[in-house]
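S.K.: Sequential numbering of the sequence shown, starting at 5, is according to the working numbering.
Even for Gly, the Cβ is constructed at its ideal location relative to N, Cα and C.
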Amino acid sequence: MNRRNILKTGLAAGFTGATTLTTNAAAEGNHYYELRTYQLRNDINTKRIHDFFQQSFLPMAKRQDFGPVGCFTVASGQYTPSLMVFIDHKSLGEMQAANARMEADKEFMKAWQEFEATTEMPYVRYESALLKAFDGHLKTEIPAPGKAPRLFELRTYESRNHFSLKAKLDMFNKEEIKIFRDSGFAPIFFGESVIGTRQPALTYMVAFDDMASRDKCWATFINSEAFKKIRVMPGWTDPEAVSNIYGSFLRPTAYSQIK
Numbered sequence: 005m006n007r008r009n010i011l012k013t014g015l016a017a018g019f020t021g022a023t024t025l026t027t028n029a030a031a032e033g034n035h036y037y038e039l040r041t042y043q044l045r046n047d048i049n050t051k052r053i054h055d056f057f058q059q060s061f062l063p064m065a066k067r068q069d070f071g072p073v074g075c076f077t078v079a080s081g082q083y084t085p086s087l088m089v090f091i092d093h094k095s096l097g098e099m100q101a102a103n104a105r106m107e108a109d110k111e112f113m114k115a116w117q118e119f120e121a122t123t124e125m126p127y128v129r130y131e132s133a134l135l136k137a138f139d140g141h142l143k144t145e146i147p148a149p150g151k152a153p154r155l156f157e158l159r160t161y162e163s164r165n166h167f168s169l170k171a172k173l174d175m176f177n178k179e180e181i182k183i184f185r186d187s188g189f190a191p192i193f194f195g196e197s198v199i200g201t202r203q204p205a206l207t208y209m210v211a212f213d214d215m216a217s218r219d220k221c222w223a224t225f226i227n228s229e230a231f232k233k234i235r236v237m238p239g240w241t242d243p244e245a246v247s248n249i250y251g252s253f254l255r256p257t258a259y260s261q262i263k
């Protein structure tokens, strides 16, 4: 696939509505995700970028039948302030098709040009990452409605090489995602980094009602007998499988399709 076309699809995706993880996921295969980080500044009128996504991007996405799309502000962590946009694609082919349909959507292209063509800075820069869904979690899972504002945690695990990353993926697919669920986590997505910085790595997102709920779930997870058992298995220990961990706490925007 042409790398330029992959990266252009950041404004070529959208949502199909409040979809959930179902048994049909296996028939679809592993989804692909784009995760964009729009870096902002306190002296930038951030209302413009939020209006653009709410009033132009999401309506276009609905017309073109993509998604779901999640839009989040960073409560704490990397790149504060910023807007993070997560887009679910059914396949790499769907990403290419999304780009073509976006280019043909005259209403959206006019709005996009107006958003970016003014002398007023719309954002500082943006970064884009392409992720492949785990075999054990094939597509985005939207949590049931919960207490607002819900807290989302985005975490990235870096591995020292390709093979240690594969071991960590194996750990997640076979055991760790299930333990997350048993511990009260609401999984949103799990993705292996295909294109992006700081390779090799994986990124995932989980949701909680609030910080107190988050702390309780993590304590349950860490102290569970199931996790204690797998964390010492050869190849799955932290020194072998994970070299660095970092993350951010996110809040969904009012217009986000994941919240």
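1. Candidates Tyr259, Tyr208 and Met215: which alpha carbon is nearest Leu135's?
2. Could you check the C-alpha separation between Asn49 and Val78 for me, to the nearest Å?
3. Quick test of your reading: Lys143 and Asp92, contact by CB under 8 Å. State the CB separation rounded to the nearest angstrom.
4. In whole angstroms, give me the CA-to-CA distance for Glu180 and Ser228.
5. So, at 6 Å on beta carbons, what are the nonlocal neighbours of Thr26 in its own chain, with the 5 sequence-adjacent residues on each side left out?
6. To the nearest whole angstrom, what separates the beta carbons of Glu62 and Val73, a pair I think is in contact under 8 Å?
7. List in chain order: all unbroken beta strand (DSSP E) runs of 3+ residues lying wholly within the region 126 to 211.
8. For Lys263 and Trp240, what's the separation of their Cα atoms in angstroms?
9. Going residue by residue through the region 72 to 110, where are the continuous alpha helix (DSSP H) segments of at least 4 residues, counting only ones entirely within it?
10. Go ahead and pull the three-state DSSP assignment for Asn248.
11. Just to confirm my understanding: we take Gln203, look at its own chain, exclude 5 residues before and 5 after, and list those with CB closer than 7 Å. What are they?
12. With H, G and I counted as helix, E and B as strand and the rest as coil, what does DSSP make of Phe253?
13. Using 8 Å as the cut-off, can you tell me whether the region 115 to 131 makes contact with the region 29 to 45, which would need three or more C-beta pairs spanning the two stretches below that distance?
14. Run through DSSP, which three-state label would Arg45 get?
15. Report the three-state DSSP secondary structure of Arg235 (helix, strand or coil).
16. Less than 9 Å between the beta carbons of Leu155 and Asp214, yes or no?
17. Quick one: using the 10 Å Cβ neighbour count with 16 as the cut-off for buried, is Ser95 buried or exposed?
M.R.: Walking through what the data contain:
1. Closest in alpha carbon position to Leu135, among Tyr259, Tyr208 and Met215, is Tyr208.
2. Computed Cα separation, rounded: 16 Å.
3. With a Cβ gap of about 6 Å, Lys143 and Asp92 count as contacting.
4. C-alpha separation (whole angstroms): 11 Å.
5. Low confidence applies to Thr26: its pLDDT is 35, below 50, so where it sits in the model is not reliable, and the reading given next is rough at best. So the list is empty, once near-sequence residues are dropped.
6. Checking the sequence shown, residue 62 turns out to be Leu, not Glu. 7 Å between Cβ atoms; contact.
7. As summarised for the region 126 to 211, the continuous beta strand (DSSP E) elements at least 3 residues long and confined to that stretch are 129 to 137, 155 to 162 and 190 to 199, given in chain order.
8. Approximately 32 Å, taken between the alpha carbons.
9. Counting only runs of 4 or more residues that sit fully inside the region 72 to 110, the alpha helix (DSSP H) segments are 96 to 108, in chain order.
10. Correct three-state label for Asn248: strand.
11. Non-local C-beta neighbours of Gln203 in its own chain, meaning closer than 7 Å and more than five positions away in sequence, comprise Ser197, ordered along the chain.
12. Looking at Phe253 - three-state DSSP - the assignment turns out to be strand.
13. Contact between the region 115 to 131 and the region 29 to 45 is present, because at least three Cβ pairs lie under 8 Å.
14. The answer is coil: DSSP assigns Arg45 none of H, G, I, E or B.
15. In the structure shown, Arg235 sits in coil (DSSP, three-state: anything other than H, G, I, E or B).
16. Between Leu155 and Asp214, the C-beta gap is smaller than 9 Å, which places the two residues in contact.
17. Label assigned to Ser95: exposed.
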